[in-house]
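Read top to bottom, the protein sequences are chains A and B. For what it's worth, numbering that gives the first Met the number 0 labels the leading residue of the first sequence as 0, then goes sequentially. For what it's worth, numbering that gives the first Met the number 0 labels the leading residue of the second sequence as 0, then goes sequentially.
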Amino acid sequence: MEIFQLLEYDFFRNAFLAAFLMSITCGIIGTYIVARRMVFISGGITHASFGGVGISYFFGWPPMAGAAVFALIAAITTENLTRKKVIRNDSLIAVMWSLGMAIGIIFIYLTPGYAPNLMSFLFGSIITVTTTDLILMLALTLVVMLFFILFYRIILFVSFDEQFAKTRGIPVMLVNYTLIILVALTIVLSIRVAGIILVLSLLTIPQNAANLFTSNFSRIIIWSVILGFIGAFSGLLVSYYLNIPSGATIIFSLVTIYVLGRAIKAISSQRRILSK
Amino acid sequence: MDQPLISLSNIDAGYNGKTALKGVNFEIFKGDFIGVIGPNGGGKTTLLRVILELIKPSKGKIKRYIEKSDIGYLPQVNQFDDKFPITVSDVVLSGMTKGINLKRKRNASAEKRVEETLNRVGVDALKNRPIGELSGGELQRTMLARAIISVPELLVLDEPNTYVDNRFEQELYRILKELNETMAILLVSHDVGTISPYIKTIACINKSLHYHPSNEISIDQLKVYNCPIEMVTHGTVPHRVIGEHKSD
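Rendered as structure tokens:
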């Protein structure tokens, strides 16, 4: 079947749009996470959100809303407690990580009947994206883009050297909290695409592939968006034709892109040595 | 005497309930070139952070007679991530920020300032390099450029001679001497034994601060047995011996 024919299906069109929007958001937010070495923090926020999914099942609320609340609580708690040095950062993250999962499992177990979309929360299911999901994704993408376009340099300077930024009168706390909230929201909406277990890869693999060829913050963002989209779209196609869960095929495509990038880099640097 | 640029009176400060500085009185004047020396954990960095208003003292008063943005700052190398994906020119540009500024586009004059400043510290050729590719000396020059691009009244340097070779250290002091003509300099050094001859006065910190004004450095008053460090040198090696802390 032609790809264009596929786009005539509602579910595929929605999946395509979700891949497109989340590539932009994850490309931008992921670059921030990777540059600031916040990958583990992001993992903690991701898994903590499962607690919200469980509670939502139990009370019959929309699972994504519960996930968002838990992700935001986790994000703000980390930011707050790390700063006060009440507890060591990595230990705190580990606690949130497992506590969230534990709460999720307890409440799902207590919910009578079968939890229908549990697998899609754990492993993602981009082909079940609804119009509401798309609207939320579009809103988040616009907010993230606007924030990064307006405050690009401020974000860059705060990420690089927070203390120095303070001496230049930049409201560092405000910038940090705004960004950690955007990180949490991006993670929650990306769970639709890749699931709790796989979502971190959307925020890190394209960035690391881009980082093979450039160390410029803004170029890493642009290339992450492009590579993220290629990975998500090709993963979607493989998922459709081979009938394999899309979350897994998307991650697999992204890793393939990264490995190809490494190979290209190795070959080109070898050539440079030979030509000398 | 003139009005100081900044004056600290009876300052106590520290972290997490521990006092790193106690009863510190200190003034910095125009034209000063002060070397701050003292043991590790003696409160050198805390003093800088109080001056930069990065921490609030638990006791005492700070009076600043210049704008906060008129203080240039070169932090210790371990304060930031030296593999962070940022270019030399962006780092230097960050020294020109003043609060939130919505102007995204770099204008030509800012670009020119960045180039001039990089030229002044001798790394103009590295403008578009990511900092991860720089040597220790090149990175310190970049950080120095960031600290001075705003043409501050007071330049504060936290151990700029860490991780750099001797040749760069000499070069750094030459640049600082030149800068000292237009700005006061406060330099923290972990190296208690040796300090540049360009440094005019010395402040010793070990929780409390002892200031040694320049007139104290007189070879005539030198009493070798009072010197806490035994040094053996030949010929005309420049040296200075500072007085004992009377309260010790």
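Idealized CB from N, CA, C, for every residue including glycine.
ask   = Can you list the residues of chain B that A/Lys165 reaches, using a CB-CB cut of under 9 Å?
value = Leu51, Glu52, Leu53
query = Which first and last residues belong to the alpha helix (DSSP H) in which A/His46 is found?
reply = 38–58
query = Since A/Asn210 meets chain B, which of its residues come closer than 9 Å, beta carbon to beta carbon?
reply = Pro84
ask   = Going along chain A, which residues have a C-beta under 7 Å from B/Phe79?
value = Phe159, Asp160
ask   = A/Met172: buried (16+ other C-beta within 10 angstroms of its C-beta) or exposed?
value = exposed
Amino acids of chain A, ordered along the chain, whose beta-carbon sits closer than 8 Å to that of B/Ile148 = Going along chain A, no residue has its Cβ under 8 Å from B/Ile148, so there is no contact; the nearest lies around 11 Å.
ask   = So which residues on chain A does B/Pro56 lean against when the C-beta distance must stay under 8 Å?
value = Under the 8 Å cutoff, chain A gives no residues; its nearest Cβ is about 16 Å from B/Pro56.
request  = Run the CB neighbour count on A/Phe3, radius 10 Å, all protein chains shown included, and call it buried at 16 or more, exposed below.
outcome  = exposed
message = Taking CB distances under 8 Å as the criterion, tell me whether B/Lys176 reaches chain A.
response = no
request  = Consult DSSP for B/Val113 and reduce its assignment to one of helix, strand or coil.
outcome  = helix
inquiry  = Let me see if you follow: with CB-CB separation under 8 Å, is A/Ser268 close to chain B or not?
reply    = no
query = Helix or strand or just coil, what does DSSP make of A/Glu161?
reply = helix
inquiry  = Counting only C-beta atoms, is A/Gly29 closer than 8 Å to chain B at any point?
reply    = no
inquiry  = Tell me which residue opens and which closes the alpha helix (DSSP H) that A/Val254 is part of.
reply    = 245–274
key: Cβ contact (3+ pairs, closer than 8 Å) linking the segment 125–132 of chain B and the segment 38–48 of chain B   = no
query = Going by beta carbon distance, what residues of the same chain come within less than 6 Å of A/Ile179, once the five residues before and after it are set aside?
reply = Ala74, Glu78
query = Does DSSP classify B/Asp1 as helix, strand or coil?
reply = coil
key: Proximity winner among A/Gly230, A/Leu235, A/Ile186, relative to A/Phe69 (alpha-carbon distances)   = A/Ile186
query = With 8 Å set as the bound, which would you pick, yes or no: does the beta-carbon of A/Pro244 sit closer than that to a beta-carbon of chain B?
reply = no
inquiry  = Looking at the strands, I want to know which residues DSSP matches up with B/Phe32.
reply    = B/Ile184
message = Which residue wins for smallest C-alpha separation from A/Met37, given the options A/Tyr151, A/Val143, A/Ser158?
response = A/Ser158
query = Name the chain A residues that come within less than 7 Å of B/Gly98, Cβ to Cβ?
reply = Gly168, Ile169
ask   = Where do the ends of the beta strand (DSSP E) carrying B/Lys43 lie?
value = Here B/Lys43 belongs to no beta strand (DSSP E); instead the alpha helix (DSSP H) covers 43–50.
inquiry  = Which residue wins for smallest C-alpha separation from B/Lys257, given the options B/His211, B/Ser207, B/Lys55, B/Leu178?
reply    = Any property of residue 257 of chain B remains undetermined from this structure, which presents chain B solely from 0 to 247.
task = List the residues that DSSP assigns as beta-bridge partners of A/Tyr291.
result = Nothing can be reported for residue 291 of chain A: it is not among the residues displayed for chain A, which extend from 0 to 275.
task = Measure from the C-beta of A/Ala231 to each C-beta in chain B and report whether the shortest distance is under 8 Å.
result = no
key: Under the three-state DSSP convention, the category B/Leu208 falls into   = strand
request  = Determine the direct distance from the alpha carbon of B/Arg48 to that of B/Ala12, and round the result to whole angstroms.
outcome  = 10 Å
Test: A/Phe216 CB closer than 8 Å to a CB of chain C = In summary, chain C is missing from the structure at hand, where the protein chains are A and B.
message = Counting only Cβ-Cβ distances shorter than 9 Å, please list the residues of the segment 17–42 of chain A near chain B, keeping chain order.
response = Thr30, Val33, Ala34, Arg35, Arg36
inquiry  = Can you find the residues in the same chain that come closer than 7 Å, C-beta to C-beta, to B/Lys176, ignoring five residues on each side of it along the sequence?
reply    = Tyr197
query = Using the beta-carbon count (16 or more within 10 Å), is A/Val258 buried or exposed?
reply = exposed
key: Minimum Cβ-Cβ distance from B/Ser17 to chain A less than 8 Å   = Correcting the residue identity first, residue 17 of chain B is Lys in this sequence and not Ser. So no, B/Lys17 is outside the interface.
ask   = Using a C-beta cutoff of 8 Å, does A/Leu178 count as contacting chain B?
value = no
request  = From the DSSP output, in three-state form, read off A/Val192 for me.
outcome  = helix
key: Positions along the segment 122–150 of chain A whose CB lies within less than 8 Å of some CB in chain B   = Ile148, Leu149, Phe150
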